[in-house]
Structures are given as C-alpha cells and as structure tokens.
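Chains as they are written, first to last, in my numbering: chain A, 682 to 987; chain B, 682 to 987.
First the structure, in the form of structure tokens, and then the observations on it.
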C-alpha cells in the first residue's frame, strides 16, 4: 500500500487540509471476499442465544436475530411467544411481491376467534417502539447520504437510520428486516404477527411500525414462496398457508442441534473496510466505481463457526 | 383545495420568495389509489408492440418492455432473437436471492458448445450500451436526492439516473429491471442471456452493464422461483431449469390472445402527482410522512384496458 501513495504536492496538501478524507481513504486494493477471508476471529461473533429465534419452515432453518436495544418490549414478548410454542404451528399467510412475507396465527387471519392460539404469559398489548434516542448510540456510520434520513449505519448488526436533530434513531426497513404487523392503532402490535421485507426496501414504513429484528439466515426460504393472489398478497385458501413447523430460541436448542453459524461484527475496522470497498469496482469485471454505498445494499456476512 | 390555503402573511411571502416550493406544493390530500382511479384515459398507454416481449413461464405471462432509446442495438437483437425462436426453449438457469433471476440457452450454461441454439440472423457481438447523452432527454425528474446519481427520474416508463455534468444518462438497476448478462469484456453481451433484478436495487451495477428494459407484468413469476444452490444462485442440475415455453413479440400475437394490459405514462401530471403523494402519509394507517421518494420505490401502475 505504501508505494501507492506519492508525496503530496503543495496543492494536494491544501486539498487535504480542507478534505481530510482524501488522505484518510486511499482506494481499496482488496476485494470484499478477501477482506472476509483475511478477517480475524474477533471480527465475528456468535448469534445472541437469548435473542435469536430459529424457525423451521419447509424443512429449512430461518434464523431471526432480535433487536432488544430498539424494541425491548417486543423482543421480550417474542421470546415468550417462542418459548411457549405460539409460533410453532403458526404459518406464512401472506407473500406480497416486492414487499413482505408475513406469518401469523392462521385462525387470526381467518378471523376465527374461537380457534385463536392462547397468548399464554405473553402480553396482548405493547407500546409502539418506533424509535430510540440517537444520543450515545454506538453506530458505525455510512459516509454516503441515505436519502431517507440524515444519518445511517449499523448497530448490533442491524441497519439503522437516524435524525440527530430530533435525537431519534430507528431500524431501517431493508431486505430481510422483520417488523411487527399492526392494525390502525400505532400501539396495536404485540409480535404475534411478523413480516420480513422481501424486495426493495420500503423505507416509507420507517417510524410507522415497530421493527423487531432481522433474518440473518434463510431469508431465501421466505422470499421464494408463492405470492398470494390479490393486491396485498394474502393466501386466499387456508391450504396455501405454509406452516412454521417449529420455532425455538437458540438458547433452548441442544448444542449439538444448534445451527453452525457466526456473524460478522459491525463495530470493527474490518466491517468499515468492507463497506468502503463496496463503493469501489475491484477485480476484473466492473468498469466503474459507484463511489456510493447504502445500508440496504450491505448484508452482514455469516459463516460456519471455524 | 382553495379553502385549504390561507392568505399569506408578510413573513410567509418572504419565505415563499426564497422557497417557491412552499407555495407550489400543498400537501396532497388524495391517496395514490384515488389518483389512479381518477386518472384520465390519456394518462395511460398501450405497451409498444414492437418493443414488448411476452414470455410464457410456468404457464404464466412474463411481459418485458424493451428500452430502445437506451439500448437500441440490444433491443433490435432481442427482437430478432424473439422472432426467430431463440428464447422459446431457453430457461431460467440462475436465481440468486436478493439479486437476479437469469435466463439463457441451457447449453450455454452447461458449456455444451455443440448443442448451442443457433443465433440465426441475430448478431453475436454488439457494442456496450451503458449510457446515452443526458442533454435533451425527456426525463420526469424526482425532486429527492437519489444518492447514486445527481439526477433521477423516469423516461418511457423506465427508472433513469443521470449525471448532467458528464452529459450521461442510464437505466437504473431497480427491482424488475432487465439487463444483458456479459463476460469480462464490457462489450460481450448480445441479449442471449438476460437477468431481472429480484431484490434490493444493486445500483453499483449501473454503468457497468447494458440494461435493456423492464418486466412490466409477471415479475412475481421470476422472483418466487427456488434459489439456486451456491453463492451465485445457478441451478446445479439441468432438471432444475425452468423453461421458457414460448416467447413472442407483442406485435406478433393475434389480437384476441394479447394480454389485456395498459400502463401508466410517466410524462404526465398524474404521474408527478403519484410520485409526490408517495412522499406523504395519507389515510388512516401511517403516522409519519417520509417526505422522500426514490425511483426504485416507485412502480409504474398497469391495469386491464378499460
């Protein structure tokens, strides 16, 4: 790398005085794949066992990590619902193309009140958890403008947008992000019906609904399901429902059965390098660098535990 | 509407003098659904029969409109390939989650040179058609920043990004947009292998590959297919290929068999109103307006011909 940098001229020093990024950011010479390959063990973490739900759908694992920092009451309720068997036997009831895949109690979708699954010790009502204070949030910021918010970046492996002027931060509706469906009342979600984004990030949903986490593995199971007929994508016949055959907290799965997965940390130099590298065309194929990156275009790498 | 506007105060006049948008843009009071319902017949157009390919896949119609203004040589080649039966019997050979669904000659994917479909009178080599001049382009601009480009908007129903300083405009890789797969050489595409974006817009592909058009109907057929194993999503077994049972130019389909569809024009006040309305929370559900819109979040409405 050293040999790529030339001694700055007087003009270049002036430019750098005004634009320190010029000096701080030489163009990366290494691909994203190599950054991942060269990463240190400390660049990775295990999924949080008390905040990870492992669902089995169509014989495949769909793994959701919760975001208790952003939606603590919803995370706690989803934990309870998982442990008390609520989601086991629930089903995907809606797949709307380029929008959401949604799962719920089929009886709720069919408005069969007498067949509703019992909530057990989970709460029926929760406050809306649309945003948290920005101040003090350990965010790894993106340098490029987001468009939808003044600040964007990652916190705890989740895509986050923020408005420091209003001291607000919130989870962004990127691909694979999971929210808690609600009715007309802002505080009418309780985690019994959840949706994952399966297309272009519908960021206009941000701050309008409680986001609870993100599918970190198995999103392709949810995104490749048949779209439901009709404009909102609900399956019109109960036999179209795709059952969640089992849902367990990662902490409750015997060690030998746990999915063999770890996830990259998003509070490291390695992650920053990965994001910066994504702004540049590197390798033989691309001819033009976008010089731009967006939180919804960056997925957090996972890998088998080495 | 008149009664919503109050006589401006002296201060308001000063604000309006500096910010004419305040005066020009009262907050919309009508939903997108109502704008579509109240649209005039002239707000709609038929698909261009000489630039529309109708594919049949899994018994469903997948309709692609070509963009001859942006990629005239690729559009002409695709027209020839369609008319000479190249795509009929081709197949979807790759579905990579949150990226692309790609179709091609299966023999090409299998590297079986002796079984390759004949090109007929189509050209094997075409120039790269990555961008066109911006000057004079009849673009309906978006007012919000795009992030990936200085200017964005719609032309001929297609999402477009542009850099006026470089006098360049190009089709943006939004959901449903179709590009011509290429090898390492920028001019190695000829339309025999095409891909449609099936997830978050991978805008870093912009200006790196020739974009040829957009799926205007039936994208859910391509987006809900099983993902291929492996990191690039290619189907590893030929029996996984999903055949294109027939592909015809709209102009060559008997009138009685033509899909009953028209599409909204994107060079009208109605379209501008639809985009502006998308920036605002209207109706009972949403509690917060994003005050932002992005070309890749706006789909162009279609409807049955009235």
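Beta carbons are placed, not taken as given, at the ideal position from N, Cα and C, and that holds for glycine.
Give the residues of chain B in contact with residue 656 of chain A, contact being defined as C-beta atoms less than 9 Å apart. Since the displayed chain A opens at 682 and closes at 987, residue 656 of chain A lies outside it and no answer follows.
Any beta carbon of chain A sitting closer than 8 Å to that of residue 829 of chain B? Start at 1 with the first residue of the second chain, and residue 829 of chain B comes out as number 148. At least one chain A Cβ lies under 8 Å of residue 829 of chain B.
Interfacial residues, the region 820-848 of chain A to chain B, with Cβ spacing under 9 Å: 825, 826, 827, 828, 829 and 830
Rounding to the nearest angstrom, what Cα-Cα distance links residue 960 of chain A and residue 756 of chain B in this structure? On the first chain, position 279 is the one that residue 960 of chain A refers to. On the second chain, position 75 is the one that residue 756 of chain B refers to. About 30 Å.
For residue 722 of chain B, which residues of its own chain have a beta-carbon under 8 Å away from its beta-carbon, when the five flanking residues on both sides are left out? Reading the second chain from its first residue, position 41 is the one you call residue 722 of chain B. Same-chain partners within the cutoff: 987.
Simplified DSSP state of residue 860 of chain A, which is helix, strand or coil: Position 179 of the first chain holds residue 860 of chain A. Strand at residue 860 of chain A.
Shorter than 8 Å from the beta carbon of residue 865 of chain A to some beta carbon of chain B? Working through the first chain from its first residue, we reach residue 865 of chain A at position 184. So yes, residue 865 of chain A belongs to the interface.
When the Cβ atoms of the region 778-795 of chain B are set against those of the region 867-882 of chain B, are three or more pairs found closer than 8 Å? yes
According to the Cβ coordinates, are residue 976 of chain B and residue 827 of chain B closer than 8 Å? Position 295 of the second chain, counting from 1, holds the residue named residue 976 of chain B. Position 146 of the second chain, counting from 1, holds the residue named residue 827 of chain B. Contact flag set, yes.
Same chain only: Cβ atoms within 7 Å of residue 809 of chain A, ignoring 5 sequence neighbours per side: One-based indexing of the first chain puts residue 809 of chain A at position 128. The residues are 867, 868 and 891.
CB of residue 971 of chain B within 8 Å of CB of residue 885 of chain A, strictly: By one-based count along the second chain, residue 971 of chain B stands at place 290. By one-based count along the first chain, residue 885 of chain A stands at place 204. Yes, Cβ-Cβ distance for residue 971 of chain B and residue 885 of chain A is below 8 Å.
Which bits of chain B does residue 978 of chain A rub up against, with CB to CB less than 9 Å? Here residue 978 of chain A is taken as the residue at index 297 of the first chain, counted from 1. Those are 881, 882, 883, 884 and 885, listed as they occur along chain B.
Once the 5 residues before and after residue 725 of chain B are set aside, which same chain residues still bring their CB inside 8 Å of it? On the second chain, position 44 is the one that residue 725 of chain B refers to. So the qualifying residues of the chain are 943, 944, 945, 946 and 984.
Within 10 Å of its beta-carbon, does residue 760 of chain A have 16 or more other beta-carbons around it, so buried, or fewer, so exposed? Stepping through the first chain from its first residue, residue 760 of chain A is reached at position 79. Flag for residue 760 of chain A reads buried.
Which ranges does the beta strand (DSSP E) cover as unbroken runs of at least 3 residues, wholly within the region 772-813 of chain B, from first to last along the chain? 772-777 and 781-785
Are the beta-carbon atoms belonging to residue 814 of chain B and residue 832 of chain B less than 8 Å from one another? For this step, residue 814 of chain B is matched to residue 133 along the second chain. For this step, residue 832 of chain B is matched to residue 151 along the second chain. Against a cut-off of 8 Å, the Cβ pair of residue 832 of chain B and residue 814 of chain B comes out as no contact.
Helix, strand or coil for residue 943 of chain A, going by three-state DSSP, please let me know. As a first step, residue 943 of chain A is located in the first chain; it is residue number 262 there, counting from the start. Residue state, collapsed to three classes: strand.
Along the region 894-915 of chain A, what residues have a CB closer than 8 Å to any CB found in chain B? 900, 901, 904, 905, 906, 907 and 908
One question on the structure: do residue 923 of chain B and residue 739 of chain B come within less than 8 Å of each other, judged by their Cβ atoms? Looking up residue 923 of chain B in the second chain gives position 242. Looking up residue 739 of chain B in the second chain gives position 58. Cβ distance < 8 Å, so residue 923 of chain B and residue 739 of chain B count as in contact.
I want to see whether chain B comes within less than 8 Å of residue 860 of chain A, judged by CB atoms only; does it? Here residue 860 of chain A corresponds to residue number 179 of the first chain, with the count starting at 1. Not closer than 8 Å to any Cβ of chain B, the Cβ of residue 860 of chain A fails to qualify, so no.
Let me know if residue 899 of chain B comes out buried or exposed under the rule of 16 or more other beta-carbons within 10 Å of its beta-carbon. Numbered from 1 along the second chain, position 218 holds the residue referred to as residue 899 of chain B. When all chains shown are included, residue 899 of chain B counts as buried.
Does the CB of residue 801 of chain B have a neighbour CB from chain A at under 8 Å? In the second chain, residue 801 of chain B corresponds to position 120, counting from 1. It does not; no Cβ of chain A falls within 8 Å.
Could you check the C-alpha separation between residue 786 of chain A and residue 948 of chain B for me, to the nearest Å? One-based indexing of the first chain puts residue 786 of chain A at position 105. One-based indexing of the second chain puts residue 948 of chain B at position 267. Their Cα atoms are separated by approximately 44 Å.
Got a sec, what are the start and stop residues for the alpha helix (DSSP H) residue 713 of chain A sits in? As a working note, residue 713 of chain A is residue 32 in the first chain. Its alpha helix (DSSP H) spans residues 713-718.
Considering Cα atoms alone, identify which of A:767, A:861, A:918 and A:819 is closest to residue 841 of chain A. Within the first chain, residue 841 of chain A is the residue found at index 160, counting from 1. When only C-alpha atoms are compared, the closest one is A:819.
Partner residues on chain A for residue 804 of chain B, Cβ-Cβ distance less than 8 Å: What you label residue 804 of chain B is simply residue 123 of the second chain in a count that begins at 1. Simply none; closest approach about 22 Å.
Supposed close pair residue 716 of chain B, residue 955 of chain B - CB separation, criterion 8 Å: Residue 716 of chain B sits at position 35 when you count from the first residue of the second chain. Residue 955 of chain B sits at position 274 when you count from the first residue of the second chain. Confirmed, Cβ separation roughly 5 Å.
With burial defined as no fewer than 16 other Cβ atoms inside 10 Å of the residue's Cβ, what is the status of residue 920 of chain A: buried or exposed? Along the first chain, one-based indexing puts residue 920 of chain A at 239. Exposed, by the Cβ-count rule.
Tell me which residue opens and which closes the alpha helix (DSSP H) that residue 902 of chain B is part of. By one-based count along the second chain, residue 902 of chain B stands at place 221. 900-904 is the span of the alpha helix (DSSP H), which, as asked, contains residue 902 of chain B.
Show which residues of chain B have a CB atom less than 8 Å away from the CB atom of residue 735 of chain A. Position 54 of the first chain, counted from the first residue, corresponds to residue 735 of chain A. Neighbours of residue 735 of chain A on chain B: none; closest Cβ ~19 Å, over 8 Å.
Closest by CA to residue 837 of chain B, which one among B:905, B:903, B:771 and B:747? Within the second chain, residue 837 of chain B is the residue found at index 156, counting from 1. Of B:905, B:903, B:771 and B:747, the residue nearest in Cα terms is B:747.
Boundaries of the beta strand (DSSP E) in which residue 753 of chain B is found, first to last residue: The residue labelled residue 753 of chain B in the question sits at position 72 within the second chain. Residue 753 of chain B -> not in any beta strand (DSSP E); alpha helix (DSSP H) instead, spanning 753-764.
Assigned secondary structure, residue 948 of chain A (DSSP; H/G/I helix, E/B strand, else coil): By one-based count along the first chain, residue 948 of chain A stands at place 267. Reduced to three states, the DSSP call for residue 948 of chain A is coil.
Under 8 Å between C-beta atoms of residue 765 of chain A and residue 803 of chain A: Start at 1 with the first residue of the first chain, and residue 765 of chain A comes out as number 84. Start at 1 with the first residue of the first chain, and residue 803 of chain A comes out as number 122. Contact flag set, yes.
Is residue 971 of chain B helix, strand or coil when you go by DSSP? Residue numbering aside, residue 971 of chain B sits at position 290 when the second chain is read from its first letter. DSSP places residue 971 of chain B in coil when its eight states are reduced to three.
Examine chain B for any beta-carbon lying closer than 8 Å to the beta-carbon of residue 966 of chain A, and answer yes or no. Here residue 966 of chain A is taken as the residue at index 285 of the first chain, counted from 1. So, interface residue.
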